[in-house]
Each structure stands twice: as C-alpha cells, then as structure tokens.
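Asks:
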Amino acid sequence: ASLFGHVEPAPKDPILGVTEAFLADPSPDKVNVGVGAYRDDNGKPVVLECVREAERRIAGNLNMEYLPMGGSIKMIEESLKLAYGEDSEFIKDKRIAAVQALSGTGACRLFADFQRRFLPDSQMYIPTPTWSNHHNIWRDAQVPQRTFTYYHPESRGLDFAGLMDDIKNAPNRSFFLLHACAHNPTGVDPTEEQWREISYQFKIKNHFPFFDMAYQGFASGDPERDAKAIRIFLEDRHQIGCAQSYAKNMGLYGQRAGCLSILCEDEMQAVAVKSQLQQIARPMYSNPPVHGALVVSIILNDPELKSLWLKEVKGMADRIIGMRKALRENLESLGSPLSWDHITNQIGMFCYSGMTPEQVDRLTNEYHIYMTRNGRISMAGVTTGNVAYLANAIHEVTK
Ligand code: PLP
Numbered sequence: 030a031s032l033f034g035h036v037e038p039a040p041k042d043p044i045l046g047v048t049e050a051f052l053a054d055p056s057p058d059k060v061n062v063g064v065g066a067y068r069d070d071n072g073k074p075v076v077l078e079c080v081r082e083a084e085r086r087i088a089g090n091l092n093m094e095y096l097p098m099g100g101s102i103k104m105i106e107e108s109l110k111l112a113y114g115e116d117s118e119f120i121k122d123k124r125i126a127a128v129q130a131l132s133g134t135g136a137c138r139l140f141a142d143f144q145r146r147f148l149p150d151s152q153m154y155i156p157t158p159t160w161s162n163h164h165n166i167w168r169d170a171q172v173p174q175r176t177f178t179y180y181h182p183e184s185r186g187l188d189f190a191g192l193m194d195d196i197k198n199a200p201n202r203s204f205f206l207l208h209a210c211a212h213n214p215t216g217v218d219p220t221e222e223q224w225r226e227i228s229y230q231f232k233i234k235n236h237f238p239f240f241d242m243a244y245q246g247f248a249s250g251d252p253e254r255d256a257k258a259i260r261i262f263l264e265d266r267h268q269i270g271c272a273q274s275y276a277k278n279m280g281l282y283g284q285r286a287g288c289l290s291i292l293c294e295d296e297m298q299a300v301a302v303k304s305q306l307q308q309i310a311r312p313m314y315s316n317p318p319v320h321g322a323l324v325v326s327i328i329l330n331d332p333e334l335k336s337l338w339l340k341e342v343k344g345m346a347d348r349i350i351g352m353r354k355a356l357r358e359n360l361e362s363l364g365s366p367l368s369w370d371h372i373t374n375q376i377g378m379f380c381y382s383g384m385t386p387e388q389v390d391r392l393t394n395e396y397h398i399y400m401t402r403n404g405r406i407s408m409a410g411v412t413t414g415n416v417a418y419l420a421n422a423i424h425e426v427t428k
C-alpha cells in the first residue's frame, strides 16, 4: 500500500477558503468582505507610510544574524509599553515574562503549549463565538476547551448576564480567553463598566485572563484607549497573559510580528517563565524572524514615526467607521424594514450581520459577494465604490 494513501485532504479553512473562491470568480462586480485584512477605499492593500520609512532606515544596514531565542529585546520592550502602559510598574519591576512571537497566532499557540506543559490539568474557556482558529490552536496544543456565553443573537450585542453566569459557574482558577478589543467575529465589546464587573468577578473566582489583542487601535482609532480592558485588570492586580499582533494595526500581516507576555508574581518567576517559553520555541522554530520586529521597534522607538503610526491607525479605523455609517444608511434608504443599528454599534474590523448561511450563499451565488457563512462582514473590504452594491444585495437577500 502507498505510504500516504490514507491521507485525506484537510477541510478548507472557513476564512482562507473564502479568498480562494473570490479569486476564482471572473465577475467584475465581485466583492471580498471575507478576509480580515485592511483595504483602502480602492480596495487595495495598504503599506503604512511609517513602515515604508522604517524600511528605508533599515535598507542596507541590517545584518542577517539570528535574533536571541526570545526575539528582539527592543521590540518586546516597546510592545509591553503599548499593552501595559508607558509607565507600568510591572515593567519597572520586571514582572513580565515576554517573548517575540510569530504574530498573534504564534503568541496564542506558545501560550497554549505553555499551559499544557505547566498546568496540565487546566482547560481554556473560549467565547461563543470566536475567531475559528482559537479552537484549532488550543486543540493542537491538547488543552481541553470549554466555551462561555458571549454574544446575544437577538440583540446582536453582548449577553452580559450569560457571560457573568458562566464566569461564576466555572471552577475557581479557570483560564479564560478574552478578546482585548474589537471582538472577532462579532464586533461586540463589553463597556468599560462591564469590564470592571468582569474583572471583579475574575478576582473573586481567581480566574486567569488571557487577552488576545489582535486589533489594538482598530476599535477606537487609539491604541491607548483600546488597551483599557487590560488596564482595568492590571489595576485590579490580576496576573494576566497577553497575545499582541502587529498584523492589523501596522499592516505587517505577512511579517509575523507579535509578542506573548505573561505577568508573573515577581522578577524571579518571570525569568523562569520566559526561559520556559524559549524552550518551547526552540524545537519548533528556534528563533523568530528579524525584519518585522525591527520595523516595529524602529517605529515605536522614534517619537516622530510613532506619531505618524498613531495618525495612520486612526485613519484606518476612521475609514471603517465611515463605511459602517454608509452601509447602514444605504440599507435604510432602500427601505429595509429590519434594524441595522448593530452595523454602527459594533466596532473593529467586523460586522456580525445576523444573516443566515443561506442568505450568505445567495449573496455569493447571485451577487458575487464573498464572506464567511456565519454572516461576518469584514468592513475593511467595504469601499465608497461598492457600498451601494453591497447594501442592495443584502437588502435583496434579507427581504
Ligand atoms: N486573534 C484574533 C482574534 C484574530 O482575529 C487574528 C487574526 O485574524 C489573530 C489573533 C492573529 O492574527 P495574526 O497571527 O496574523 O497576528
């Protein structure tokens, strides 16, 4: 028998499969609102000006040596300031174990492997719904998964009561995966007040919050404001974990630039934890890539480039907010009797439209509009040029 004869094709990734289908469609009207990557108002990928400038500074000056096992020290330092705050006492006290990671996915996976190795009896509570890859990550790391209530389909908002119940009912010292801001796929975040209540309840239960922060800056346009949930937990003196990604907020998708950090009890613990994270990375990929890390640390280290970055993040967030407004207004002026308030209430890159898989299939088959079957619209793919076409198609299939 053939050696690999038993290998069946893997199921298509629900998100990446959408782009494949989009690319194969010859229609000139086609619209891709599937993938979570920012596009400008012409539907084109964007390289930020701050990134171009950082690359000009690197050009010709970079040697190709390995980074240390834990990655670029400078990049990690800057990342911690973004997440924990410029003047964080936890940074000063060296209580944070942090390593450069292969973007947000790699940071989550490294944490999941750490969890499996050092807390073998623990589980991970994951929100319903969530970014589909979260399930794959904790599955492959062999950490058992539980889910907790998050989204309320009728109101298309947060099921806060259900969420609080699940937090209370989980065994003490449970691990919870929280989206720090701009929840994917729902675009629904707790309010500041709700975050405070969540943090309070976590304290009572001794739960451990692991923040996946893939969209810092994309929710409000201001990375500092988008770190609010994490800062509330820090004020309440939790230990936390955090996965940071520069894919979206610096447009560094393919560079795989990210950071994993774990706030420990003291410096000694942090040193031990960091050394173990490096041990996990070593047999997988040895050390992380250098180029993206350098771009990030140059931008965040230079006041001028950093303020340019902040301006550009805000520009991306503002364009998306503008498109939310336009999509909603178009639907309303077409006379749709349904409520589309959630389009502008939800935040971040995605709109969880409430459309059924059958309605999404009609959008694709009849209108060449591509998106995941859970009804998630990537607002980054909506432009001045296609918003009316998209609204009309949505109106037709939801009549
Ligand atoms: N976490 C969430 C919630 C995401 O939506 C994404 C990307 O879509 C990621 C993590 C990781 O992205 P990356 O690995 O490209 O940083």
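Sequential numbering from 30 applies to the sequence shown in the UniProt record's numbering. No residue lacks a Cβ here, since even glycine has one placed at the ideal position from N, Cα and C.
Going by C-alpha distance, which of LYS343, CYS293, THR427 and VAL426 is nearest GLU118?
Replies: Nearest option by C-alpha distance: CYS293.
Asks: Taking the continuous beta strand (DSSP E) assigned at PRO156, which residues delimit it?
Replies: Here the beta strand (DSSP E) through PRO156 covers 153 to 157.
Asks: For my contact list, MET378 and PHE247 are in at a C-beta cut-off of 8 angstroms; report their separation, rounded to the angstrom.
Replies: 6 angstroms between Cβ atoms; contact.
Asks: Is any non-hydrogen atom of the ligand PLP found closer than 8 angstroms to the C-beta of ALA243, if you look at the structure I gave you?
Replies: Result yes, Cβ under 8 angstroms from the ligand PLP.
Asks: How is the alpha helix (DSSP H) around ARG311 delimited, first residue to last?
Replies: Here the alpha helix (DSSP H) through ARG311 covers 296 to 314.
Asks: Distance, Cα to Cα, TYR399 vs VAL416?
Replies: Going by the C-alpha atoms only, they are around 14 angstroms apart.
Asks: For the 8 angstroms Cβ check, are there 3 or more pairs between the stretch 178 to 194 and the stretch 349 to 359?
Replies: No, the stretch 178 to 194 does not touch the stretch 349 to 359.
Asks: Can you have a look at LEU367 and say buried or exposed, based on whether 16 or more other CB atoms are within 10 angstroms of its CB?
Replies: Exposed.
Asks: Which word fits LYS41, buried or exposed, when buried means at least 16 other C-beta atoms lie within 10 angstroms of its C-beta?
Replies: LYS41 is exposed by the Cβ-count criterion.
Asks: For ALA286, report the span of its beta strand (DSSP E) as first-last.
Replies: Looking at the DSSP string, the run of the beta strand (DSSP E) that includes ALA286 is 286 to 292.
Asks: Determine the extent of the alpha helix (DSSP H) in which SER161 is found, giving its start and end residues.
Replies: Its alpha helix (DSSP H) spans residues 161 to 169.
Asks: Whole angstroms are fine: how far does the CA of THR159 sit from the CA of HIS212?
Replies: C-alpha separation (whole angstroms): 8 angstroms.
Asks: Please state the DSSP three-state secondary structure of ASP251.
Replies: In this structure, ASP251 counts as coil in the three-state DSSP scheme.
Asks: Can a CB atom of chain D be found closer than 9 angstroms to the CB of MET384?
Replies: Among the chains of the structure shown, chain D does not appear; only one protein chain is present.
Asks: State the CB to CB distance for the pair ALA136 and GLN223, rounded to an integer number of angstroms; the pair is presumed to be in contact (CB under 8 angstroms).
Replies: The pair is not a contact, with the Cβ atoms about 25 angstroms apart (cut-off 8 angstroms).
Asks: For the stretch 93 to 128, which segments carrying the alpha helix (DSSP H) assignment without a break, of at least 4 residues, lie completely within its bounds, in sequence order?
Replies: Listed in chain order, the complete alpha helix (DSSP H) runs (minimum 4 residues) inside the stretch 93 to 128 are 102 to 113 and 118 to 121.
Asks: Quick one: grab the DSSP three-state call for GLY65.
Replies: Of the three classes helix, strand and coil, the one that applies to GLY65 here is coil, per DSSP.
Asks: Can you tell me which of GLY216, ALA127 and SER151 puts its alpha carbon nearest to the alpha carbon of ALA301?
Replies: Residue ALA127 is the option with its Cα nearest to ALA301.
Asks: When the Cα atoms are used, what is the spatial distance from residue 515 to PRO149?
Replies: With the chain covering only 30 through 428, there is no way to say anything about residue 515.
Asks: Count the other CB atoms within 10 Å of the CB of ALA30; is the residue buried (16 or more) or exposed (fewer)?
Replies: When all chains shown are included, ALA30 counts as exposed.
Asks: Roughly how many whole angstroms lie between the Cα atoms of GLU106 and THR385?
Replies: Near 44 angstroms, if we compare the C-alpha coordinates of THR385 and GLU106.
Asks: Tell me, please, which residues DSSP counts as bridged to VAL411.
Replies: Partner(s): none; VAL411 has no beta bridge.
Asks: Could you please give me the residues that DSSP links to ALA130 through a beta bridge?
Replies: In the DSSP output, where bridge partners are listed per residue, ALA130 has GLY287.
Asks: State whether the stretch 327 to 336 contacts the stretch 76 to 87, with contact taken as three or more CB pairs (one from each stretch) at a distance under 8 angstroms.
Replies: Because the criterion of three Cβ pairs below 8 angstroms is met, the stretch 327 to 336 and the stretch 76 to 87 touch.
Asks: CB of THR48 to nearest heavy atom of the ligand PLP: below 8 angstroms?
Replies: No.
Asks: Whole angstroms is fine: what's the gap from ARG285's alpha carbon to ASP255's?
Replies: Going from the Cα of ARG285 to the Cα of ASP255 covers about 21 angstroms.
Asks: With DSSP run on the structure shown, which of helix, strand or coil describes ILE269?
Replies: Correct three-state label for ILE269: coil.
Asks: Between ALA276 and the ligand PLP, is the CB less than 8 angstroms from at least one heavy atom?
Replies: The answer is yes for ALA276.
Asks: In this structure, how does DSSP classify CYS380 when only helix, strand and coil are distinguished?
Replies: Strand.
Asks: Less than 8 angstroms between C-beta atoms, sequence neighbours within five positions excluded: which residues of the same chain meet that for ARG402?
Replies: So the qualifying residues of the chain are PRO43, PRO386, VAL389 and ASP390.
Asks: Go through the stretch 170 to 216 residue by residue and report every complete run of the alpha helix (DSSP H) that reaches 4 residues or more, in order.
Replies: Counting whole runs of 4 or more residues, the stretch 170 to 216 contains the alpha helix (DSSP H) stretches 189 to 198.
Asks: Let's test the definition: count the other Cβ atoms within 10 Å of the Cβ of GLN171 and tell me whether it reaches 16, buried, or not, exposed.
Replies: The residue is exposed, with fewer than 16 neighbouring Cβ atoms inside 10 Å.
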